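To convert, count from 1 in the sequence shown and add 830; that's the numbering used here. Working notes, structure below.
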Amino acid sequence: MAEWFLYLPQSRLGITDLVERSQAAEASGFDGVAFLDHVETPMAPATPIWEAMTVATWIAAHTERVRLGHLVLCDSFRHPAVLAKQAVTLAEASGGRFELGLGSGSMPDELAKFDLSTSSPAARITALGETLAMLKDYWGASENRDVVQVPTPTRPIPIMLGGTGPRMLELVREHADWWNLPATKVDKLQEYLPSIGSARVSVQQMVGFVRDGVDRETIIDKSRRWFGHLGPGLVCGAAGELIEYFAGLERLGAERFYVWFADFAPVESIAEFGHSVIAAYPR
């Protein structure tokens, strides 16, 4: 049975907009909401963006059921000891609804600009592996008892890692409960499955959703102009077409979908997608 998360980048939107969209997702059958983690908006640095953990905490306080996560938190932004404490706090405050998504950092220029890191990609992967090991120490899940933080998690905090490089996949096999396939590589899902160990599979997917009563060609044209660079990561269509598309990914092994709306997820799109596409799947 597939899980459905709304991927809701907290850029270009006000805090009230994020709350409304998250509550709409909860009411429409989504299982979770996920945010991104950047200091400035990718490819649009003048566009406002909100801090990732604060947004997740605020949304947790304004929802009751949906899980909260990120695609993905940047390892370089937070010291592992602080990240461990933040994760436990949010997990407990939300009643166990927080999942920790982590990555090594996708924008080296951003890291350098804000004096966060000038490390090479390989060094950042190494640092991520060290963070993952330290989280186990801090949470009391290893034999190193000297640095255990209290309180420890009352229930396991799921770890989700994103990426497809060989060294990242090593970390997935060793540490991850979930592995996320980036949108641009959706068509290569089967190629990566032998390399992820026991991690469960999620897929990030941009959707040009043709709602009832809207002009199909206008929606598809606009979605392709804005997000055609995602290649296979963009799928366009009405509810019936999307039901068939996601069912195909599920047959290939996907267990969770991070749905990213090309129209920037107005409440109407979220609600109709939930009541038509998600509702078509067994729950």
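In this text, a Cβ means the ideal position worked out from N, Cα and C, and glycines have one as well. Here the structure is a predicted model, which means the values were calculated and not measured.
Grouping DSSP H, G and I as helix and E and B as strand, with all else coil, what is residue i?
i: I1026; result: coil
i: I879; result: strand
i: W1009; result: strand
i: R1086; result: strand
i: G925; result: coil
i: G1038; result: strand
i: Y1075; result: helix
i: L913; result: helix
i: V869; result: coil
i: R985; result: coil
i: V980; result: coil
i: T919; result: helix
i: G995; result: coil
i: A886; result: helix
i: G1070; result: helix
i: A1110; result: helix
If I'm right that residue i touches residue j with Cβ under 8 Å, what's the distance once you round it to whole angstroms?
i: T887; j: L932; result: Between L932 and T887 the Cβ distance is about 17 Å, and since that is not below 8 Å, they are no contact.
i: S858; j: L838; result: At roughly 13 Å, the Cβ-Cβ gap does not stay under 8 Å, so S858 and L838 are not in contact.
i: R897; j: G862; result: 4 Å
i: V849; j: I879; result: At roughly 16 Å, the Cβ-Cβ gap does not stay under 8 Å, so V849 and I879 are not in contact.
i: I955; j: S936; result: Wrong, their Cβ atoms sit about 12 Å apart, outside the cutoff.
i: L1019; j: L1082; result: 5 Å
i: P872; j: V918; result: With 8 Å as the limit, P872 and V918 do not qualify as a contact, their Cβ atoms being about 29 Å apart.
i: L783; j: T994; result: It is not possible to answer for residue 783, since the shown part of the chain is limited to 831 through 1113.
i: N974; j: G992; result: So it is not a contact: roughly 27 Å between Cβ atoms.
i: G926; j: R997; result: 31 Å between Cβ atoms; not a contact.
i: G1063; j: V1016; result: 5 Å
I'd like to check one pair, residue j with residue i: are the Cβ atoms closer than 8 Å?
i: A1090; j: V1033; result: First, the amino acid is wrong: residue 1090 is Trp here, not Ala. Taking 8 Å as the Cβ cut-off, W1090 and V1033 do not qualify as a contacting pair.
i: A1084; j: A855; result: no
i: R1041; j: E1102; result: yes
i: L941; j: S950; result: no
i: L903; j: A864; result: no
i: V1002; j: G1027; result: yes
i: S1106; j: A1069; result: yes
i: P1012; j: L965; result: no
i: Q840; j: A914; result: no
i: F1094; j: R842; result: yes
i: I989; j: D1007; result: yes
What is the residue span of the beta strand (DSSP E) that residue i lies within?
i: L1064; result: 1064–1067
i: A864; result: 862–865
i: L991; result: 989–992
Quick one: give me the first and last residue of the alpha helix (DSSP H) that residue i is part of.
i: E833; result: Not the alpha helix (DSSP H): E833 falls in the beta strand (DSSP E), residues 833–837.
i: Q853; result: 845–857
i: R1048; result: As written in the sequence, residue 1048 is Thr, which differs from the Arg given in the question. Taken as a continuous stretch (DSSP letters only), the alpha helix (DSSP H) holding T1048 covers 1046–1057.
i: G1104; result: 1097–1106
i: D1017; result: Unbroken run through D1017: none, as it is neither H nor E.
i: L1060; result: Segment: none, L1060 is in no alpha helix (DSSP H) and carries neither H nor E.
i: D967; result: 951–968
i: E940; result: 938–943
Does the CB of residue i have a neighbour CB from chain B at under 8 Å?
i: R851; result: No chain B appears in the structure shown, which is made up of a single protein chain.
So if DSSP puts residue i in a beta bridge, which residue, or which two residues, is it bridged to?
i: R897; result: G862
i: G933; result: C904
i: V1033; result: L1011, F1087
i: S841; result: I879
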